[in-house]
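Just so we're aligned, residue 9 is where the sequence shown starts under the working numbering, counting upward by one.
Every residue gets a Cβ at the ideal spot worked out from N, C-alpha and C, and that includes glycine.
On a predicted model such as this, the values are computed, not experimentally measured, just so you know.
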Amino acid sequence: MNIYRAAEARALAIEAARQAGALLLELRRSPAAGIRSKSSATDLVSEADERAEAAIVAAIRSKRPDDAIVAEEGSGAQGTSGVSWYVDPLDGTINYLYGIPHWSVSICCADTDGALAAVVFDPLRDELFSAARGGGAELGAQRLRVSEKQDLASALVATGFGYVAAQRVVQGRIIANVIGEVRDVRRFGSAALDLSYVAAGRYDGYFESVEKPWDWMAGAMLVREAGGRVTELQPTDSAFPRIIASGPYVHDDLLGLLIRATERL
C-alpha cells in the first residue's frame, strides 16, 4: 500500500466538505424534504443529509476508490487500502431543519495509525477547521491553540444530549452535578463544532455521550493537534459521558468531576 500523506488527505477532505457545504446552503432555501426518524422520534434525517453525504462519498471515491468510507446515513463502502473516511454530512440536523444557524460538515480520514486528517466546516460562517497529523490544527490559515485555562471553576464547558428521552433525564442529572463546579455550560447541538471550538480555545472543555466515530473523530483530532487532550471512556450507561476534551490543564479535573457526577446517580 502506498503511504497516503496527511496533507493530501486534508486537501481532499476540504474539497469534499466545501462541496457538501455549498449543497446544504442551497437546499436550506427550499422546504425540507424526505424527513424521517432513525433511532428515535427525535433523531431525524432529511434529504439534505443524504444528498450531502452522497456528494462527499462521490468526491472521495473519485480520487480514492479503494478507501473505506463509514458514513452516518449508510452510503459508505468497504475498502482495501487501509485508509478509512468517517463522514457526518450534516452534524446538527435538527438545527438545520429548524433554521438555527449552527450545524456543520465533519470528515475524518484515518489509517492504521489513527486519525490522519480532519475537517469540520461551518458553511454559514465560512469557518473551516482542519488538521493534518503532526501539522497542527488551523481555522483557515490561522493556527489553533486550545485554552490554557487552569481553574475548572472558571472554565466554560460544552455538552450535548441524547435522542432518547430517558437518556436526557440522566444527562440532566449529570449536568446538575457539574454546573456548579464550572463557569457555565453551553449546549448548541453540533458535537463537531463543539470540539472545534475547544480546539480554537472558544470553549475550555467538552463532554458528551457520543459513540459513533463520525460524531467525534474529526473534532477530537482538531483538539489534539491544537495541543489539547481527549479521553474516550467506556461508560456502563449510554447516557454517561464517553468523550471528554479540553485544554491540558483542566482535563484531569474535568474528567474527575464527570466520573464523580455519574457515581452520584
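Counting the other Cβ atoms within 10 Å of the Cβ of Y205 gives 16 or more, which makes it buried. Between the C-alpha atoms of A21 and P131 there is a straight-line separation of about 14 angstroms. The count of Cβ pairs closer than 8 angstroms, one atom from the region 199 to 214 and one from the region 248 to 265, reaches three, so the stretches are in contact. Excluding five sequence positions before and after R141, the CB atoms of its chain that fall closer than 6 angstroms to its own CB belong to A14, L124, given in chain order. Below 8 angstroms, enough C-beta pairs join the region 162 to 170 and the region 178 to 196 to call them touching: three or more. Between the region 17 to 33 and the region 61 to 75, the count of Cβ pairs shorter than 8 angstroms is three or higher; the stretches touch. In the DSSP annotation of this structure, the continuous segment of the alpha helix (DSSP H) that includes Y104 starts and ends at 101 to 106. Remark: C-beta atoms of A226 and V238 do not approach each other more closely than 8 angstroms. Positions of the beta strand (DSSP E) runs, each at least 3 residues long and wholly inside the region 137 to 221, are given as 145 to 147, 164 to 167, 192 to 194, 213 to 216 in order along the chain. The DSSP-derived three-state label of R250 is coil.
Taking the CA atoms as reference points, V128 sits about 30 angstroms from A184. Counting only residues of its own chain and dropping the five nearest sequence neighbours on each side, D134 has no CB closer than 7 angstroms to any other CB. Of the candidates A174, R36, V231, the residue whose Cα lies closest to the Cα of R210 is V231. In the three-state scheme derived from DSSP, where H, G and I count as helix and E and B as strand, E240 is classed as strand.
The beta-carbon separation of G148 and L136, rounded to 6 angstroms, stays under the 8 angstroms limit for a contact.
DSSP places A126 in the uninterrupted beta strand (DSSP E) bounded by 122 to 130. If only uninterrupted alpha helix (DSSP H) runs of at least 4 residues are considered, those enclosed by the region 56 to 119 are 101 to 106. Close CB contacts of E233 within its chain, under the 6 angstroms cut and outside five residues either way in sequence, are with A139, G144, A145 (chain order).
When only Cα atoms are considered, N103 and D74 end up about 34 angstroms apart. At the C-beta level, W111 and D99 come within 8 angstroms of one another.
Taking the Cα of W224 as reference, the smallest distance to any Cα among V186, A126, E156 is reached at A126. Check the Cα spacing between D245 and each of G236, I267, Y257: the tightest is with I267. At least 8 angstroms separates the beta-carbon of K220 from that of E34. Residues T239, I252 of the same chain have their beta carbon placed closer than 8 angstroms to that of L263, with the five preceding and five following residues left out of the count.
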